[in-house]
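Numbering (this note's numbering), first residue to last: 915 to 1355.
All C-beta atoms, glycine included, are put in the ideal place defined by N, C-alpha and C.
First the structure, in the form of structure tokens, and then the observations on it.
Right, here's the structure in full:
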């Protein structure tokens, strides 16, 4: 029987052999995180040499093994306590090894954002994919139709937000000779938001168009509340709640529309407001409610540190016992002082090409083997393509010193690195490299 996205499925949800084969990849100059000593070795053989952070150059981005494990367990426990499924947004990391860890921790599937990302997922045998977007590319739809026909265990669903997108999808799938209908979720947006119809009435019209399209199957509804607010202020939280209540209203309007009587998917929830999703949508009758939080696995020392429900003490309100346990930042940048042209100005060798900056600049935390910088006046004030401007660190950061930096927004951190070293403990005096995470952007 063909699988649907809401069905439980069996097995690990990903081709574990394909993920394991990444350890056989040969290392060379293409991976800027690694020194020439690694070139010519496989990932497995290089790790067997026992590399340490001190063996790696700068600039660098690393992951902390303990923080990754903590975040995986914390979010899994929170979702279990709240009674919600989790399909983490894989675009955050585009790292099949981390997707495998998320699935092994209990995630239902993987969310993605575009066609190239789906192709990466299928290359690694991901079995349940939620596309938080509308797929209209005819060639892409033809390829998808082939994937669905060839693999009855592959479950896929995407969004639609207009009768025009329904027509275009149906036309392309008919032309491709699609054998299995493609599951779609009607996307509800909000004023000033991103994609998605703007009213419940419009969403009902789109659902009716889906029901008339033989190549599509109405599987539920979805949307993204994070486009409607950017902070945890009273106004921001009210905007999110208002939107989620509209999504609940749409669920009620469509309750009798599903052709086979199966529980429809209702999906929302990025990494900033998943507590409100649980409160407003968690108790919907006959719904399979799916969170899509993705940044939680790495967390950060910036935007998500401040807005995550588990940081602002809001998680317990959803009835989740893990609500009091905050996530931990697993991401750190490492940069070397290469110039100190003024007493209170130092230039580091990491810039926009290496570290995220769209949701806040990196923050200096410590000098490797030296001083703590958190709590001092030291700060990063600007990034160029390849340099960071460090001010007011003074003699704490002499030329040649290597600094650990906290970063903000993991979604624009991973994409800058094809291979990311995993450290046993980024706070240790001499961190050891315990893994290498391969990304595919």
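_When you compare the CB positions of residue 1059 and residue 1026, do they come within less than 7 Å of one another, or not?_
Their beta carbons are not under 7 Å apart, which means residue 1059 does not touch residue 1026 by this criterion.
_Using C-beta distances below 6 Å, list every residue in its chain close to residue 999, excluding the 5 sequence neighbours before and after it, in chain order._
Excluding sequence neighbours, residue 999 sits near 1022, 1204.
*Assign residue 1011 to one of two classes, buried (16 or more other C-beta atoms within 10 Å of its C-beta) or exposed (fewer than that).*
The residue is buried, with at least 16 neighbouring Cβ atoms inside 10 Å.
*Within 7 Å, strictly: CB atoms of residue 967 and residue 1345*: Result yes, Cβ atoms of residue 967 and residue 1345 sit closer than 7 Å.
*Assuming residue 1008 and residue 1041 form a contact by the criterion Cβ under 8 Å, report the distance between their Cβ atoms to the nearest whole angstrom.*
With 8 Å as the limit, residue 1008 and residue 1041 do not qualify as a contact, their Cβ atoms being about 18 Å apart.
*Alpha-carbon spacing of residue 982 relative to residue 1326, whole angstroms*: Going by the C-alpha atoms only, they are around 18 Å apart.
*Return the Cβ separation of residue 1267 and residue 1300 in integer angstroms, given the expectation that the two are a contact with Cβ distance under 8 Å.*
Rounded, the Cβ-Cβ distance is 6 Å, consistent with contact.
*Once you ignore the five residues that flank residue 1063 on each side, which residues in its own chain have a CB closer than 7 Å to its CB?*
Answer for residue 1063: 1093, 1094, listed in chain order.
*Less than 7 Å separating the beta-carbons of residue 1367 and residue 1146?*
Outside the displayed span of the chain (915 to 1355) sits residue 1367, for which this structure offers no information.
*Own chain partners of residue 1259 with C-beta closer than 8 Å, once the 5 adjacent residues on each side are dropped*: These residues qualify, in order along the chain: 1303, 1304, 1305.
*Exposed or buried, which one is residue 1047 when buried takes at least 16 other CB atoms within 10 Å?*
Per the 10 Å Cβ criterion, buried.
_For residue 1315 and residue 1264, what's the separation of their Cα atoms in angstroms?_
Their Cα atoms are separated by approximately 13 Å.
*asked:* Can you tell me whether residue 1126 is buried or exposed? The criterion is at least 16 other CB atoms within 10 Å of its CB, across all chains shown.
replied: Residue 1126 comes out exposed.
*residue 945 to residue 1176 span [Cα, whole Å]*: Each residue's alpha carbon lies about 47 Å from the other.
*asked:* Just to confirm before moving on: does the CB-CB distance between residue 1055 and residue 1073 stay below 7 Å?
replied: Note that the C-beta distance between residue 1055 and residue 1073 is not below 7 Å.
*Proximity to residue 1183 [Cα-Cα], best of 1170, 1171, 1142*: Measuring C-alpha to C-alpha distances from residue 1183 to each of 1170, 1171, 1142 identifies 1142 as the nearest.
*Is it true that the region 1288-1296 meets the region 1323-1340, where meeting means three or more beta-carbon pairs spaced less than 8 Å apart?*
Result no; under three Cβ-Cβ pairs closer than 8 Å.
*Any idea if residue 1367 is buried or exposed, counting beta-carbon neighbours within 10 angstroms, 16 or more meaning buried?*
An answer regarding residue 1367 cannot be provided, because it is not within the stretch 915 to 1355 covered by the chain.
*Residues near residue 1198 in its chain [Cβ-Cβ closer than 7 Å; skip 5 each side]*: Once the five neighbours on either side are set aside, the close Cβ partners of residue 1198 are 1162, 1165, 1180.
*asked:* Taking the beta strand (DSSP E) that residue 1158 belongs to, which residues open and close that run?
replied: Per DSSP, residue 1158 lies in no beta strand (DSSP E); the unbroken alpha helix (DSSP H) holding it starts and ends at 1148-1168.
*Can you say whether residue 1170 is buried or exposed, counting buried as having 16 or more other CB atoms within 10 angstroms of its CB?*
Its Cβ having fewer than 16 others within 10 Å, residue 1170 is exposed.
*Secondary structure at residue 1255, three-state DSSP: helix, strand or coil?*
It is a strand residue.
*Using three-state DSSP, classify residue 1205 as helix, strand or coil.*
Strand at residue 1205.
*asked:* Using the three-state DSSP reduction, which class does residue 1070 fall into: helix, strand or coil?
replied: Residue state, collapsed to three classes: strand.
*Going along the chain, which residues of its own chain have a beta-carbon closer than 7 Å to the beta-carbon of residue 1236, five neighbours each way excluded?*
Low confidence applies to residue 1236: its pLDDT is 46, below 50, so where it sits in the model is not reliable, and the reading given next is rough at best. Apart from sequence neighbours up to five positions away, the residues of its chain that approach residue 1236 with a beta-carbon distance below 7 Å are 988, 991, 992, 995, 1229, ordered along the chain.
_Range of the contiguous alpha helix (DSSP H) that encloses residue 1374_ = Only positions 915 to 1355 of the chain appear in this structure, which leaves residue 1374 out of reach.
*Local conformation of residue 978 per DSSP, three classes*: Note: residue 978 maps to strand in three-state DSSP.
*Same chain only: Cβ atoms within 6 Å of residue 1140, ignoring 5 sequence neighbours per side*: Cβ within range, chain order: 1184, 1186.
*With residue 1334 and residue 962 assumed to form a contact (beta carbons below 8 Å), what rounded beta-carbon distance in angstroms separates them?*
Actually they do not touch by this definition, with Cβ atoms about 19 Å apart.
*Can you tell me whether residue 1049 is buried or exposed, with buried defined as 16 or more other CB within 10 angstroms of its CB?*
Buried, since its Cβ has 16 or more Cβ neighbours within 10 Å.
*Just reading off the beta strand (DSSP E) that residue 1318 is part of, what are its end residues?*
Start and end: 1316-1320.
_If you measure between the beta carbons of residue 979 and residue 1348, is that distance less than 7 Å?_
Cβ distance < 7 Å, so residue 979 and residue 1348 count as in contact.
_residue 1172 to residue 1136 span [Cα, whole Å]_ = C-alpha separation (whole angstroms): 15 Å.
*Chain-order list of residues whose beta-carbon lies under 8 Å from that of residue 949 (same chain, five-residue window excluded)*: Answer for residue 949: 969, 970, 971, listed in chain order.
*asked:* As an exercise, report each continuous beta strand (DSSP E) stretch of at least 3 residues that is fully enclosed by the region 1082-1107, in chain order.
replied: Qualifying beta strand (DSSP E) stretches, in chain order: 1096-1101.
*Which residue from 1018, 1200, 1195 puts its Cα closest to that of residue 1133?*
The shortest C-alpha separation from residue 1133 is found at 1200.
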